[in-house]
Amino acid sequence: MGYKKIILSLVWTILIFGVGVLLYAINLHKKNETCQSISIEINNSNENHFIDSSLVMDYIEGNALLGNAAENIDASKIEALLEGNPHIKNAEVYKDLSGTLFIKIWQRNAVMHVINSAGEGYYIDDQEMKIPLSDNFSPRVLVCHGNIEEKCTKCDTINSNILKTCSCIAQFVHNSSFWGSAIEEIFVSAENEILLTPKMGDAKIVFGDASDVENKFDRLFAFYKQALSKKGWDKYSSINLSFKNQIVAKKK
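Heads up: the sequence shown begins at 579 in the working numbering, then just goes up one per residue.
Written out as C-alpha cells, the structure reads:
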C-alpha cells in the first residue's frame, strides 16, 4: 500500500508540474503574441450598407493595431467604440491565440426615412431608434414627412405618439413585399391626420391610428382587389381606413 501511495503522489506531482509549465508557456506566448490580422464580419449586409470593412478599420484605427502586442489590445473598449456608432446595433470583439482580432457587427435595420417640419432628415429602425443619415448608404424605405416636430439630436428612441404610429405602419409595409411595392410615402397633416400615398393612382389613404394595422391593410387589399380592379385607380379621391371594420371611399 505504501508503494502505491508513493507512485500516486509522484503522478500527481508530475501532473501539477506539467500544468504549471503549460500555463507558464501560455502566458509567455500571450506576452509575445502580436496582432497579426483583423477579421471583420458584418451581418445583415444584404439589406443595409451603412458599414463596411474599410469603414470599420478606419473607425477603430485598425492599421495601428496590427503588429501591436495582443495583450495591450482591449477588446471590450473596441466593442464600446463600435456600439457608439449610431448605425451599429451590436458588436462582438475577441482575440484568439493565433494573433487574430475578430470583429462581428450587426447593423441597424432602417424601415423609415423621416423629414421633419424643419427639413431635418433621419431614419427610424425596426426598434424605433432614430438613426442619422449616412454618406455611405441610402436605404430604400418609406419616406415620412409633414407635421413632424421631433428631431434627431440624441439619436434615441421615438418620443412622439404620431411618429410611433408612423413607425408602426412603416414596419408593416417594410415586412410586406406587396405593400412595400404599393405604398410610396407617409404624410402627417397639420391636423395630425396620417395619410398614405400609393404608387398607383392619386387617391389619398386616410389611415387613422396605429390600432389594427394588419386588419386595415387587409381591408385595403380587399378594396383594391374588388373595387379598384373594376372601376380603375383614378375613380376615387380618398380611401378612409380609420373606421372600424369598414372602408369609406369617396369618388371624384
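All C-beta atoms, glycine included, are put in the ideal place defined by N, C-alpha and C. This structure is a prediction, so every number in the text was calculated from the model and none was measured.
Phe715 and Asn626 have their alpha carbons spaced roughly 8 Å apart. By alpha-carbon distance to Ser754, the top candidate from Leu720, Ala805, Glu619 is Leu720.
For Ser745, the number of other beta carbons within 10 angstroms of its own is at least 16, and it is reported as buried. Secondary-structure assignment with DSSP links Gln685 through a beta bridge to Ile666. DSSP places Gly677 outside both helix and strand once states are collapsed to three, so it counts as coil. Inter-segment contact for the segment 718-732 and the segment 641-660 is absent: fewer than three beta-carbon pairs are separated by less than 8 Å.
Each residue's CA atom was taken as its position, placing Ile681 and Tyr701 some 25 Å apart. Taking C-beta atoms as the reference points, Lys708 and Asp674 fail to come closer than 8 Å. Approximately 24 Å separates the beta-carbon atoms of Phe765 and Ser712; this is outside 8 Å, ruling out the contact. Residues Phe785, Gly786, Leu819 of the same chain have their beta carbon placed closer than 8 Å to that of Lys794, with the five preceding and five following residues left out of the count. Here Glu611 has Ala647, Ala648, Glu649, Leu675, Gly677 as same chain residues with Cβ atoms under 8 Å from its own Cβ, once five neighbours each way along the sequence are excluded.
Excluding five sequence positions before and after Leu774, the CB atoms of its chain that fall closer than 7 Å to its own CB belong to Ile761, Ile764, Ile783, Phe785, given in chain order. For Ser632, the three-state secondary structure derived from DSSP is helix.
Looking from the CA of Glu670, the closest CA among Asn624, Ser617, His691 belongs to Ser617. If you compare the alpha carbons of Ile747, Ile817, Gly640 with that of Ala800, the shortest gap goes to Ile817.
With 16 or more other Cβ atoms inside 10 Å of its own Cβ, Asp703 counts as buried. With a cutoff of 8 Å on beta-carbon distance, Ala688 and Thr743 are scored as not near each other. The beta strand (DSSP E) runs of length 3 or more contained entirely in the segment 738-791 are, from start to end of the chain, 761-766, 772-776, 782-784. Per the C-alpha coordinates, the member of Ser767, Ser759, His752, Leu679 positioned closest to Ala642 is Leu679.
When C-alpha distances from Pro717 are compared across Asp780, His665, Ala768, Phe756, the shortest belongs to His665. Gly779 is a Cβ neighbour of Asp812, given a cutoff of 8 Å. Classified as buried, Gln749 has 16 or more neighbouring CB atoms from the shown chains inside 10 Å of its CB.
Taking C-beta separations shorter than 7 Å and ignoring five residues to either side along the sequence, the partners of Asn770 in its chain run Asn725, Ile740, following chain order.
Rounded to the nearest whole angstrom, the CA to CA distance from Gln824 to Tyr802 is 14 Å. Annotation for Lys667: Trp684, Gln685, Arg686 place their beta carbon closer than 7 Å to its own, counting only its chain and skipping 5 residues before and after. If you look at Leu643, you'll find it in the alpha helix (DSSP H) that goes 640-643. For Glu657, the enclosing alpha helix (DSSP H) covers residues 653-661.
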